[in-house]
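Undergrad: Chain order of the listed sequences is V and A. Residue numbers 806 to 1030, in our numbering, belong to the letters of the first sequence in order. Residue numbers 9 to 227, in our numbering, belong to the letters of the second sequence in order. We put the CB at the ideal spot given by N, CA and C, even for glycine.
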Amino acid sequence: MGEEVKVFGYWASPYSYRAELALKLKGVSYEYINEDIFGNKSDLLLKYNPVHKKVPVLLHNGKSIVESVVILEYIEETWKHNLYLPQDPYDKATARFWIKFIDEKCFPTLWLAAWSPENEREKVTNEACEYMKTLESALNGKKFFGGETIGMVDIVASSVGYFIRVTQEIMGLNLLSADKFPQLFQWSEDFANCSIVKESLPPRDKLLPFVKGLIAKYQQDNAKA
Amino acid sequence: MAGELVLLDFWPSPFGMRSRIALAEKGIPYEYREEDLRNKSDLLLQMNPVHKKIPVLIHNGKPVCESVIQVQYIDEVWHDKAPLIPSDPYQRAVARFWVDFIDKKIYELGSKIWKTKGEEQANAKKEFIECLKLLEGELGDKTYFGGESLGYVDVALVPFYSWFYAYEKCGDFSIEAECPKMIAWVKRCMQKESVAKSLPDQEKVYEFILQLKKVFGIE
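1. Which residue spans inside the stretch 819 to 876 of chain V form an unbroken beta strand (DSSP E) run of at least 3?
2. Hey, quick one: how far does the beta strand (DSSP E) through A/Ile226 stretch, first residue to last?
3. Helix, strand or coil for A/Tyr40 per DSSP?
4. With a floor of 4 residues, list each alpha helix (DSSP H) that falls wholly inside the stretch 135 to 215 of chain A, ordered by position along the chain.
5. Cα separation between V/Gly966 and V/Gln1024?
6. Within a Cβ cutoff of 7 Å, which residues of the same chain sit near A/Met9, ignoring the five residues on either side of it in sequence?
7. Relative to the C-alpha of A/Leu158, which candidate in A/Gln210, A/Ile217, A/Phe172, A/Arg196 has its C-alpha closest?
8. Is A/Glu74 buried or exposed, if buried means 16 or more other CB atoms sit within 10 Å of its CB?
9. Between the Cα of A/Tyr115 and those of A/Leu31, A/Glu33, A/Tyr169, spot the shortest distance and give me the residue it belongs to.
10. Note down the Cα distance separating A/Lys120 from V/Arg1009, rounded to an integer number of angstroms.
11. For the candidate residues V/Pro861, V/Phe902, V/Ser873, whose alpha-carbon lies nearest to that of A/Val79?
12. Across which residues does DSSP place A/Leu16 in a beta bridge pair?
13. Does the stretch 84 to 97 of chain A touch the stretch 849 to 863 of chain V, meaning 3 or more C-beta pairs lie closer than 8 Å?
14. Kindly indicate which three-state DSSP category V/Cys999 falls into: helix, strand or coil?
15. Would you check if the distance between the CB atom of A/Gly35 and the CB atom of A/Pro63 is smaller than 8 Å?
16. For V/Val810, which beta-bridge partners are listed by DSSP?
17. What do you reckon, are the CB atoms on A/Cys187 and A/Trp122 nearer than 8 Å?
18. Taking 8 Å as the limit between beta carbons, can you name the residues of its chain near V/Ala933, skipping five residues before and five after?
19. Below 8 Å on the Cβ atoms is my guess for A/Val107 versus A/Val161; work out the distance and round it to an integer in Å.
20. Any beta carbon from chain A within less than 8 Å of V/Ile870's own beta carbon?
21. Let's test the definition: count the other Cβ atoms within 10 Å of the Cβ of V/Asn1027 and tell me whether it reaches 16, buried, or not, exposed.
22. Could you tell me the alpha carbon to alpha carbon distance between V/Ala983 and V/Glu941, rounded to whole angstroms?
23. If you measure beta-carbon to beta-carbon, which residues of the stretch 881 to 909 of chain V are closer than 9 Å to chain A?
24. Helix, strand or coil: which one does DSSP assign to A/Ala10?
25. Could you round the C-beta distance between V/Ala900 and V/Leu890 to whole angstroms and report it? I think they count as a contact, below 8 Å.
26. Count the other C-beta atoms from every protein chain shown that fall within 10 angstroms of the C-beta of A/Val166, then say buried if there are 16 or more, exposed otherwise.
27. On the DSSP bridge assignment, give the partners of A/Lys73 in chain order.
28. Which partner residues does V/Phe949 have in the DSSP bridge list?
29. With distances taken between CB atoms, is the gap from V/Ser869 to V/Asn845 smaller than 8 Å?
30. Check whether chain A comes within 8 Å of V/Val958, counting only Cβ atoms and requiring the distance to be less than that.
31. What is the DSSP secondary structure of V/Thr883, counted as helix, strand or coil?
32. With a threshold of 16 other CB atoms inside 10 Å of the CB of V/Thr972, please say whether the residue is buried or exposed.
33. Let me check you understand the geometry: is the CB of V/Glu881 closer than 7 Å to at least one non-hydrogen atom of the ligand FMN?
34. Just how far apart, CA to CA, sit A/Asn56 and A/Ala185?
35. From A/Leu72 to V/Lys1029, what distance separates their C-alpha atoms?
36. Could you run through the stretch 133 to 158 of chain A and flag, in chain order, every residue whose CB is less than 8 Å away from some CB of chain V?
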């Protein structure tokens, strides 16, 4: 077909991962370019995302699409097989609601709970637990947020289901535990065990030291502020 | 027909205005219900238990929350009338990008302008103008962000115009002086009945902000 599909990403970025997983779920071949986001961003990245200068960037036949959720919607509308959003407008609106909830509330608060100083941690942790309880209710007895198969909410929730779980392991926290959130915990296991997901997730042994370093940096920066 | 569609809203909310404009553009009748945010109705708490916020669009008894989700929903359900979101996937992605940008920047920076003073306010004003200039760049020579007709980005952005006078008074600056193209675009939008009828008077919004400042003890 002569299509040019490229992803500018960062191997440890949960946002970058979403774009790659979506393309893999649709069986779309792409070239992956790893950006040195902590050191030296490439001229191409700055050209394709001049406003935010961030990864991921999807390049499709020379046109750039940025912001992970915008990318996911674009991929869904461009490659119209193996759909991961519901067709019904109301169900679609519900999926979009949970995606926004994860990105605006769940994920940022869970990350904050991981590196917050001791004196603030309890408050943030309580807030995070409330959000996880709410997110768990969205599962409503289903295997995945998308039903029997992975949907767009699952792709976005990978930030919580995998990346946050790795983070918690480092910090010795047990927020997403089987006894506190049995459904959500089971979901994260089922999600990570899907073959497409398993083979595309950044490896745990590489991710652990990276996240450890990142948390240390956040704590340092916060102490200075 | 109106019994099928209810909008729980609060008159100065730029987010509520988005849904009002979208429904008006498509000529869809609905019941508007004003919420007292200090005394939220049982219906609001029931329909938006997660955030307990307005606007909430209730269609055949089922709630759709979050203004950008509502506008997309309205466009998808009533797709044959005055389409707001482009049909081409790349154009849609561009529109979504700018709506996301507006959501991340405009409201928060605007809030800082009326809530803060000194250096924090000065920084907020500077960044606010920079964001408007970026949006002016995206608009270019087009009549609307949506081209010849009102689009998703127009609907998402124009409600903030009703707060411009309040920002200007609180921040002691002129948005038109810095971003004339933006104000020219606003004036074109305000010529549309769907927009003019959905936005409250700027002076009323300013009075509302002054009340809020008193309540929050902001000088």
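TA: Here's the rundown:
1. Whole beta strand (DSSP E) segments, 3+ residues: 836 to 839, 862 to 865, 868 to 871.
2. Numbered from 1 along the second sequence, position 218 holds the residue referred to as residue 226 of chain A. In the DSSP annotation of this structure, A/Ile226 is not part of any beta strand (DSSP E), being labelled neither H nor E.
3. Counting from one through the second sequence, the residue named residue 40 of chain A turns up at place 32. Here A/Tyr40 sits in strand by DSSP.
4. Annotation: the stretch 135 to 215 of chain A contains the following complete segments of the alpha helix (DSSP H) (minimum length 4 residues), in chain order: 160 to 165, 169 to 179, 183 to 186, 188 to 198, 201 to 204.
5. Here residue 966 of chain V refers to the residue found at position 161 of the first sequence. Here residue 1024 of chain V refers to the residue found at position 219 of the first sequence. Going by C-alpha positions, V/Gly966 is about 23 Å away from V/Gln1024.
6. On the second sequence, residue 9 of chain A is found 1 positions in, with the first residue counted as 1. Because the pLDDT of A/Met9 is 40, which lies under 50, any placement of that residue in the model is unreliable, and the number read from its coordinates should be weighed accordingly. Cβ neighbours of A/Met9 beyond the five flanking positions: Pro37.
7. Walking along the second sequence from the start, residue 158 of chain A turns up at place 150. Distances from the alpha-carbon of A/Leu158 to those of A/Gln210, A/Ile217, A/Phe172, A/Arg196 put A/Arg196 closest.
8. The sequence position of residue 74 of chain A within the second sequence is 66, counting from 1. Under this definition A/Glu74 is a buried residue.
9. Position 107 of the second sequence holds residue 115 of chain A. Cα-wise, what sits closest to A/Tyr115 is A/Tyr169.
10. By one-based count along the second sequence, residue 120 of chain A stands at place 112. By one-based count along the first sequence, residue 1009 of chain V stands at place 204. A/Lys120 and V/Arg1009: Cα-Cα distance of roughly 41 Å.
11. The sequence position of residue 79 of chain A within the second sequence is 71, counting from 1. Ranked by Cα distance from A/Val79, the first of V/Pro861, V/Phe902, V/Ser873 is V/Phe902.
12. As a working note, residue 16 of chain A is residue 8 in the second sequence. BP columns for A/Leu16 point to A/Arg41, A/Val64.
13. A contact between stretches requires three or more CB pairs, one per stretch, nearer than 8 Å, and the stretch 849 to 863 of chain V fails this requirement with the stretch 84 to 97 of chain A.
14. Here residue 999 of chain V refers to the residue found at position 194 of the first sequence. Note: V/Cys999 maps to coil in three-state DSSP.
15. Against the second sequence, residue 35 of chain A aligns to sequence position 27. Against the second sequence, residue 63 of chain A aligns to sequence position 55. No. Outside cutoff.
16. Locating residue 810 of chain V in the first sequence gives position 5, where the first residue counts as 1. Beta-bridge pairing links V/Val810 to V/His865.
17. Residue 187 of chain A sits at position 179 when you count from the first residue of the second sequence. Residue 122 of chain A sits at position 114 when you count from the first residue of the second sequence. By the CB criterion at 8 Å, A/Cys187 and A/Trp122 fall outside the cutoff.
18. The residue you call residue 933 of chain V lines up with position 128 of the first sequence. Apart from the 5 residues on each side of it in sequence, V/Ala933 sits with its Cβ closer than 8 Å to the Cβ of Cys911, Thr914, Leu915, Leu917, Ala918, Leu980 in its chain, given in chain order.
19. Along the second sequence, read from residue 1 onward, the residue named residue 107 of chain A stands at position 99. Along the second sequence, read from residue 1 onward, the residue named residue 161 of chain A stands at position 153. That pair is a contact at about 6 Å.
20. Within the first sequence, residue 870 of chain V is the residue found at index 65, counting from 1. Yes, V/Ile870 lies at the interface with chain A (some Cβ there is under 8 Å from its Cβ).
21. The residue you call residue 1027 of chain V lines up with position 222 of the first sequence. Exposed is the call here.
22. Here residue 983 of chain V refers to the residue found at position 178 of the first sequence. Here residue 941 of chain V refers to the residue found at position 136 of the first sequence. Approximately 12 Å, taken between the alpha carbons.
23. Residues Glu881, Glu882, Thr883, Pro894, Tyr895, Lys897, Ala898, Thr899, Arg901, Phe902, Lys905, Phe906.
24. Taking the second sequence and counting its residues from 1, one reaches residue 10 of chain A at position 2. Caution is warranted here: a pLDDT of 41 is assigned to A/Ala10, below 50, making its placement in the model unreliable, and the coordinate value is therefore given only provisionally. The answer is helix: DSSP assigns A/Ala10 an H, G or I state.
25. As a first step, residue 900 of chain V must be located in the first sequence, where it is residue number 95. As a first step, residue 890 of chain V must be located in the first sequence, where it is residue number 85. The distance from the Cβ of V/Ala900 to that of V/Leu890 is about 6 Å, consistent with a contact at the 8 Å cut-off.
26. For this step, residue 166 of chain A is matched to residue 158 along the second sequence. With 16 or more other Cβ atoms within 10 Å, it is buried.
27. The residue labelled residue 73 of chain A in the question sits at position 65 within the second sequence. Note on identity: in this sequence residue 73 of chain A is Cys, with Lys being the wrong assignment. BP columns for A/Cys73 point to A/Val64.
28. For this step, residue 949 of chain V is matched to residue 144 along the first sequence. DSSP output for V/Phe949 lists V/Gly952 as bridge partner(s).
29. Taking the first sequence and counting its residues from 1, the one referred to as residue 869 of chain V is at position 64. Taking the first sequence and counting its residues from 1, the one referred to as residue 845 of chain V is at position 40. Annotated as distal: V/Ser869 and V/Asn845, with beta-carbon spacing of 8 Å or more.
30. Walking along the first sequence from the start, residue 958 of chain V turns up at place 153. V/Val958 has a beta carbon lying at 8 Å or more from every beta carbon in chain A.
31. Position 78 of the first sequence holds residue 883 of chain V. Reduced to three states, the DSSP call for V/Thr883 is helix.
32. Counting from one through the first sequence, the residue named residue 972 of chain V turns up at place 167. Counting the other CB atoms within 10 Å of its CB gives V/Thr972 a total of 16 or more, which places it among the buried residues.
33. The model on display carries no ligand, and the ligand FMN is accordingly not part of it.
34. As a first step, residue 56 of chain A must be located in the second sequence, where it is residue number 48. As a first step, residue 185 of chain A must be located in the second sequence, where it is residue number 177. For the pair A/Asn56 and A/Ala185, the Cα-to-Cα distance works out to about 40 Å.
35. As a first step, residue 72 of chain A must be located in the second sequence, where it is residue number 64. As a first step, residue 1029 of chain V must be located in the first sequence, where it is residue number 224. Note on identity: in this sequence residue 72 of chain A is Val, with Leu being the wrong assignment. Here the C-alpha atom of A/Val72 lies approximately 43 Å from the C-alpha atom of V/Lys1029.
36. Taking 8 Å as the Cβ-Cβ cut-off against chain V, the residues of the stretch 133 to 158 of chain A that qualify are Leu142.
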